[in-house]
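Participant:
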Amino acid sequence: MKFVDEEIRKIEEEVLRLHEVAKEATKLLFRSMRGDKTVIREILKLEELSDELEVKIHDDCAHFIMRFHPVAKNLRFALGIFRISSAYERIVDLALEISLYDCKFRERIFGAEEPLMAMFETLEKAFGELKIPTESMIGLDDIIDGIYIEGLEEVERDFRCVDEVLAIRHIERIGDLLCKIATRLVYIKEGKWVWIK
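Listed below in structure tokens is the structure:
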């Protein structure tokens, strides 16, 4: 069991590193939206790093399954981490894409930054806890969904550019992906599926 626990700890550290990469890319995307296009290079580097980390995590999980033939919680861990790492990698892809958009964004869109950062913080704590705060994630995602709806309504009344519509949609998608990560953490830790939406 000692070897299994050590391998799980190693994979968890890799996932937390990928979590930090996704969080940093998300912070930088809002700087880019505010006009600081110098961060695009940083996000591009983070995107490349996220690709590498995702491949490493997938490989480590596959080897974990082959070496230890896990059951129950350990198997849920390996399978859940596959999906979690892919979600984090996708978040970084979306951050890079948004950072490349060139448009004067409405102030309302920037309201999503704080709840997204709170979702990252909640997930970071959840990796070390037994109980995942699903209600907190639902509340934060509801805020982002509200910003998404209001943003689209504003765009309908006063269209400026397609990039703005895409950015609003991608930001909402980042919130959804963070909720999916929380769902998979619940599955890993509690062995049950919950719907966080």
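Under the working numbering, the first residue of the sequence shown carries the number 2, and numbering increases by one thereafter. All C-beta atoms in this analysis are idealised placements derived from N, C-alpha and C, irrespective of residue type, glycine included.
1. Roughly how many whole angstroms lie between the Cα atoms of Pro134 and Met118?
2. Nearest to Glu25 by CA position, among Arg77, Glu43, Arg158 and Glu154, is which residue?
3. Apart from the five residues just before and just after Val93, which ones in its own chain have a Cβ nearer than 7 Å to its Cβ?
4. Figure out for me which residue from Glu125, Glu157, Lys126 and Leu179 has the closest Cα to the Cα of Ile145.
5. Quick one: Cα of Val72 to Cα of Ile175, how far?
6. Of all the alpha helix (DSSP H) runs that stay within the bounds of the stretch 8–74, which reach a length of 4 or more residues?
7. For the candidate residues Ser137, Gly81, Ser87 and Ala168, whose alpha-carbon lies nearest to that of Glu108?
8. On a CA-only basis, which of Asp142, Met138 and Arg68 is nearest Thr123? Give me that one, please.
9. Going by alpha carbons, who is nearest to Val56 out of Asp103, Glu15 and Lys193?
10. Using the rule of at least 16 other Cβ atoms within 10 Å of the residue's Cβ for burial, across every protein chain shown, is Lys40 buried or exposed?
11. Would you tell me roughly how many angstroms separate the C-alpha atoms of Asp61 and Leu19, rounded to the nearest one?
12. Check whether the stretch 181–195 and the stretch 84–91 are in contact - that is, three or more C-beta pairs closer than 8 Å.
13. Is the separation between the beta-carbon of Ile99 and that of Ser33 shorter than 9 Å?
14. Who are the Cβ neighbours of Val152 in its own chain at under 6 Å, not counting the five residues just before and after it?
15. Which residues mark the beginning and the end of the alpha helix (DSSP H) in which Pro116 is found?
16. In terms of residues, what are the limits of the alpha helix (DSSP H) holding Gly192?
17. Tell me the rounded alpha-carbon separation between Ile12 and Leu30.
18. So, using beta-carbon positions, are Phe65 and Ile148 closer together than 9 Å?
19. Tell me which residue opens and which closes the alpha helix (DSSP H) that Glu151 is part of.
Facilitator: Here's the rundown:
1. Near 15 Å, if we compare the C-alpha coordinates of Met118 and Pro134.
2. Nearest C-alpha to Glu25 among Arg77, Glu43, Arg158 and Glu154: Glu43.
3. Cβ neighbours of Val93 beyond the five flanking positions: Val22, Ala23, Ala26, Leu47, Glu48 and Ser51.
4. Comparing C-alpha distances from Ile145 to each of Glu125, Glu157, Lys126 and Leu179 shows the shortest one belongs to Leu179.
5. Rounded to the nearest angstrom, the two C-alpha atoms are 31 Å apart.
6. Counting whole runs of 4 or more residues, the stretch 8–74 contains the alpha helix (DSSP H) stretches 41–69.
7. Selected option, being the one with the closest Cα: Ala168.
8. Of the candidates Asp142, Met138 and Arg68, the one whose C-alpha sits nearest the C-alpha of Thr123 is Met138.
9. Relative to Val56, the option among Asp103, Glu15 and Lys193 whose CA is nearest is Glu15.
10. The amino acid occupying residue 40 in the given sequence is Val; Lys does not appear at that position. So Val40 counts as buried.
11. Between Asp61 and Leu19, the C-alpha separation is close to 14 Å.
12. The stretch 181–195 and the stretch 84–91 touch, with no fewer than 3 CB-CB distances between them shorter than 8 Å.
13. Their beta carbons are under 9 Å apart, which means Ile99 touches Ser33 by this criterion.
14. Position check: residue 152 holds Gly in this sequence, whereas Val was assumed. If we look at Gly152 and ignore the five residues flanking it on each side, its Cβ neighbours are Arg109, Ile110 and Ile169.
15. Unbroken alpha helix (DSSP H) run through Pro116: Glu114 to Ala127.
16. From DSSP, Gly192 is part of no alpha helix (DSSP H); its letter is neither H nor E.
17. Spanning the two alpha carbons is a distance of roughly 27 Å.
18. Between Phe65 and Ile148, the C-beta spacing is not below 9 Å.
19. For Glu151, the uninterrupted alpha helix (DSSP H) segment begins and ends at Thr135 to Arg158.
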